[in-house]
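A.B. asks: Just so we're on the same page, this note's numbering is the position in the sequence shown counted from 1, plus 276.
From the three backbone atoms N, C-alpha and C, an ideal C-beta is built for every residue, glycine too.
Please read all numbers here as calculations on a predicted model, not as lab measurements.
One structure follows; several queries about it will come next.
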Amino acid sequence: MYDIPHLDLPPLNGASGTVQLPGSKSISNRVLLLAGLAQGTTAVHDLLDSDDTRVMLDALAALGCTLRRDGQVLHVTGLGGRLRQNEADLFLGNAGTAMRPLAAALAVLATLQGGRFTLRGVPRMHERPIGDLVDALRPLGCTIEDLGQPGYPPLRLVGTAGGQLNTAQPIRVRGDVSSQFLTALLMALPLATEAGDVVIEVVGELISQPYIEITLNLLARFGITVQHQGWQRFTLAQGSAYRTPGRIRVEGDASSASYFIAMGAIASHGGAPLRIEGVGSDSIQGDIRFVEAATAMGAQVKSGPGWLEVHRGRWPLAGITLDCKHIPDAAMTLAVMALYADSPTRLTGIASWRVKETDRIAAMATELRKLGATVDEGADFIVVQPIQAPQPWQTAALRTYDDHRMAMCLSLAAFNPLAGGAAAVRILDPGCVAKTFPDYFETLFGVVTADPAQVPVITIDGPTASGKGTLAAAVATALGYELLDSGALYRATGLAAQLAGVNPDDEAAVAPLATRLALRFGRGAEAGRTWMGEREITDELRLESTGLLASRVSALPAVRQALQGLQLAFRRAPGLVADGRDMGTVLFPDAALKIFLTASAEHRAERRHKQLISKGIPANIADLRADLEARDARDQNRAVSPLKPAQGAKLLDNSDLGIEDSVQQVLDAWQQRGPLNGV
Ligand code: DC
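Below, the structure written as structure tokens:
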């Protein structure tokens, strides 16, 4: 997950491999609420872990549901329709899938059983309409106070125990702004069926009907059957009661699949397809029909239960005209695919985009124009012209408006080399994908290819104990780049020689060991840990004795040669920060920024001394300094790849700089020399 101000994507030229989708947001939050209202315990498998589900979980916990995590499974013990807490102040972030259904359920429960519940969210949530739902609930007898602008959150739902709901008349709700209002009523009103059937009537056209299908499908899993006529009149039978299905699996998110379906259509050419696991032909989500739209634009899609395989078909893609009411969220992805077509794409029926996480029509038009596209927009449509020669793709810093889908959609612009471009793309606030797909960019980088020459590299070389490793790791984190600690490869080679009982100066014996190190560097929760084969070598790698072994094996030309390929393979999208001795001189001579640290031996000895003492390891400054100087001499004077500043390297004397200042100096230099310099 990238919690950084921006992420720069280099020009990408291909995509293949397998992606595993996170759970569906819509299904996750519906399942959580239903499990929270039901009697008994529900084991929820493959739940989405994201901002929107976290606010729902926090709300359920505040209401007295019991949540127990057991590995990948969440066990939710529900309220059985009886409030356990009669007061709560719930913060629901920007999750419409939490705000709307909780508002309805708590309004009904507060009216019948007494209570006082406040629902609020982030500022954008307070601009997203809820008035149609409130207007449907008030005639029922629910007391709903507007705490801000009428018709928008925050809201307070109040009631005294023993209240009555007026369910004799049909409950009327508008269906043309957001289908979430109807979903909210369908999930809440089974609580109000004691006295008789409850009828809900939709006023106006119902948009996003597929989301209502998900709701009905999940209600059925929880024991509630809803009769409906023509998607206009829905009847909940008297005595409806939520019953846990015991176990329920959340399928992968079909809207999230749209980015990878598009990626396959654009960038999976030649060899293997892009395989998407977690959602497939058996999906209950409406956005699975994005497959049809993508196919109309040129994608070749095969599918089966729980999987899709996508390959480029027609190229360039074909522009389409489509009413997108049935796929409101995934339709955004079509707007970016349109850039790669050979005729304009016109998307209609998208008025709901204007009341989502941001005004998505305006946002999309603005950002696509920055890329060089001509875009026309209206109240409920958008027309996107492809970017075609001679009109060039522009290098752009793209805003994401705290909207996960904007970020994911816009990342697809990085494939512009496949349509004659050569532009890097900056995604501002990439962390906003956490709303539904926290690992989106990591997943993307796992399947894309780029011309290595286009993948930016920053090299950080310098003598031993100069703080390269710490600096490189911090710079890599700040940019979201890959990290190569090349010293670790020499250290691992030294260790491998020791474990094999080989003399570390025996070039012919050590070099073959270097070619088959079988190293694995931990990612995510395992970041900072290293394995050689089955053996974890994290601590051994950092020992002084291992450093000395490394210094010896690294003087052997055949060892250096053997480790070249492994090091070059770290040059992957989105970019690389490489630290060592010869990163700028030998491995990555074309690096856009080369740093050479020049901290004095005295300072380095002091630093190392502090480090060792803080770990409780006895040390003597004079000995350490003598050791460092001996190692410097060996690194500087060896015949192959001696330690020296690369041509054009920026010398950085970090003797008196703290780590944050050093990082800032490198980032400032990158701002001037990196590929998005000046954007
Ligand atoms: O940076 P370090 O202390 O982890 O490096 C261990 C040894 O490996 C050091 O003595 C020099 C050698 N090395 C090298 O020769 N070339 C590199 N690119 C990195 C390290």
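Going by the CB atoms, is the gap between residue 690 and residue 853 shorter than 8 Å?
C.D. replies: Contact: no.
A.B. asks: Rounded to whole angstroms, what is the Cα-Cα separation between residue 309 and residue 385?
C.D. replies: Cα-Cα distance, rounded: 13 Å.
A.B. asks: Where does residue 421 land, buried or exposed, given buried means 16+ other C-beta within 10 angstroms?
C.D. replies: That one is exposed.
A.B. asks: Could you please give me the residues that DSSP links to residue 579 through a beta bridge?
C.D. replies: The partner list for residue 579 (beta bridge, DSSP) reads 584.
A.B. asks: What three-state label does DSSP hand residue 800 in the structure shown?
C.D. replies: Helix at residue 800.
A.B. asks: Between which two residues does the alpha helix (DSSP H) containing residue 492 stretch?
C.D. replies: Start and end: 485 to 497.
A.B. asks: Would you kindly work out how many angstroms separate the C-alpha atoms of residue 955 and residue 672, rounded to a whole number?
C.D. replies: Rounded to the nearest angstrom, the two C-alpha atoms are 6 Å apart.
A.B. asks: With three or more C-beta pairs closer than 8 Å as the rule, is the segment 913 to 931 touching the segment 885 to 900?
C.D. replies: No: the two stretches stay apart, fewer than three of their Cβ pairs being nearer than 8 Å.
A.B. asks: CB-CB under 6 Å to residue 464, same chain, minus the five flanking residues each way: which ones, in chain order?
C.D. replies: Around residue 464: 380, 381, 384.
A.B. asks: Please say whether residue 333 and residue 376 have beta carbons closer to each other than 8 Å?
C.D. replies: No.
A.B. asks: So what does DSSP say about residue 539, is it helix, strand or coil?
C.D. replies: Looking at residue 539 - three-state DSSP - the assignment turns out to be helix.
A.B. asks: May I ask you to check if the CB of residue 858 is nearer than 7 Å to at least one heavy atom of the ligand DC?
C.D. replies: True, at least one ligand heavy atom lies under 7 Å from that Cβ.
A.B. asks: For the structure I just gave you, are there three or more beta carbon pairs, one from the segment 562 to 574 and one from the segment 530 to 546, closer than 8 Å?
C.D. replies: Because the criterion of three Cβ pairs below 8 Å is met, the segment 562 to 574 and the segment 530 to 546 touch.
A.B. asks: Would you decide whether residue 958 is buried or exposed? Buried here means 16 or more other CB atoms lie within 10 Å of its CB.
C.D. replies: No information on residue 958 is available, as it lies outside the stretch 277 to 955 that the chain covers here.
A.B. asks: In the DSSP assignment, what are the bridge partners of residue 810?
C.D. replies: Bridge partners of residue 810: none, in fact.
A.B. asks: Hey, is the segment 510 to 521 in contact with the segment 465 to 483, meaning 3+ C-beta pairs nearer than 8 Å?
C.D. replies: With the cut-off at 8 Å, the segment 510 to 521 and the segment 465 to 483 touch.
A.B. asks: Taking C-beta to C-beta, are residue 553 and residue 297 nearer than 8 Å?
C.D. replies: Yes, the pair counts as a contact, with Cβ atoms nearer than the cut-off.
A.B. asks: Drop a sphere of 10 angstroms on the beta-carbon of residue 633, count the other beta-carbons inside from all chains shown, and report buried for 16 or more, exposed for fewer.
C.D. replies: By the 10 Å Cβ count, residue 633 comes out buried.
A.B. asks: What is the residue span of the alpha helix (DSSP H) that residue 514 lies within?
C.D. replies: Here residue 514 belongs to no alpha helix (DSSP H), and DSSP marks it neither H nor E.
A.B. asks: Closest to residue 860 by CA distance: which of 368, 492, 923, 709 is it?
C.D. replies: Closest option to residue 860, Cα to Cα, is 923.
A.B. asks: Specify the secondary structure class of residue 297 as computed by DSSP and reduced to three states.
C.D. replies: Coil at residue 297, not helix or strand.
A.B. asks: Here's the rule: buried if 16 or more other CB atoms are within 10 angstroms of the residue's CB, otherwise exposed. What is residue 718?
C.D. replies: It is exposed - the Cβ of residue 718 has fewer than 16 other Cβ atoms within 10 Å.
A.B. asks: Grouping DSSP H, G and I as helix and E and B as strand, with all else coil, what is residue 744?
C.D. replies: Helix, per DSSP.
A.B. asks: Taking C-beta to C-beta, are residue 355 and residue 388 nearer than 8 Å?
C.D. replies: No, the pair does not count as a contact, with Cβ atoms beyond the cut-off.
A.B. asks: Under 8 Å, do residue 757 and residue 856 count as touching if we go by C-beta distance?
C.D. replies: It is not a contact, given that the beta carbons lie outside the stated cut-off.
A.B. asks: What does the alpha-carbon distance come out to for the pair residue 595 and residue 620?
C.D. replies: Rounded to whole angstroms, residue 595 to residue 620 spans 5 Å at the Cα level.
A.B. asks: So does residue 823 have its beta carbon nearer than 7 Å to some heavy atom of the ligand NAD?
C.D. replies: This structure lacks the ligand NAD; the ligands present are the ligand DC.
A.B. asks: Between residue 349 and residue 525, what straight-line distance do the alpha-carbon atoms span, to the nearest angstrom?
C.D. replies: Approximately 9 Å, taken between the alpha carbons.
A.B. asks: For residue 631, report the span of its alpha helix (DSSP H) as first-last.
C.D. replies: From DSSP, residue 631 is part of no alpha helix (DSSP H); its letter is neither H nor E.
A.B. asks: Alpha carbon to alpha carbon, how far is residue 580 from residue 590? Give it in angstroms, no decimals.
C.D. replies: Approximately 22 Å between the Cα atoms of the pair.
A.B. asks: Can you tell me the Cβ-Cβ gap for residue 680 and residue 713, rounded? I've got them flagged as a contact below 8 Å.
C.D. replies: With 8 Å as the limit, residue 680 and residue 713 qualify as a contact, their Cβ atoms being about 7 Å apart.
A.B. asks: Kindly list the residues whose CB is nearer than 8 Å to the CB of residue 544, restricted to its own chain and excluding five residues on each side of it in sequence; keep chain order.
C.D. replies: Around residue 544: 290, 291, 292, 550, 586, 587, 588.
A.B. asks: Would you report the Cα separation of residue 741 and residue 730, rounded to the nearest angstrom?
C.D. replies: Rounded to the nearest angstrom, the two C-alpha atoms are 31 Å apart.
A.B. asks: Go to residue 905, then tell me how far its alpha helix (DSSP H) extends in each direction, as first and last residue.
C.D. replies: That run of the alpha helix (DSSP H) goes 897 to 913.
A.B. asks: Report the partner residues of residue 856 according to the DSSP bridge assignment.
C.D. replies: DSSP output for residue 856 lists 737 as bridge partner(s).
A.B. asks: Does the distance between the C-beta of residue 292 and the nearest non-hydrogen atom of the ligand DC fall short of 7 Å?
C.D. replies: Answer for residue 292: no, Cβ out of range of the ligand DC.
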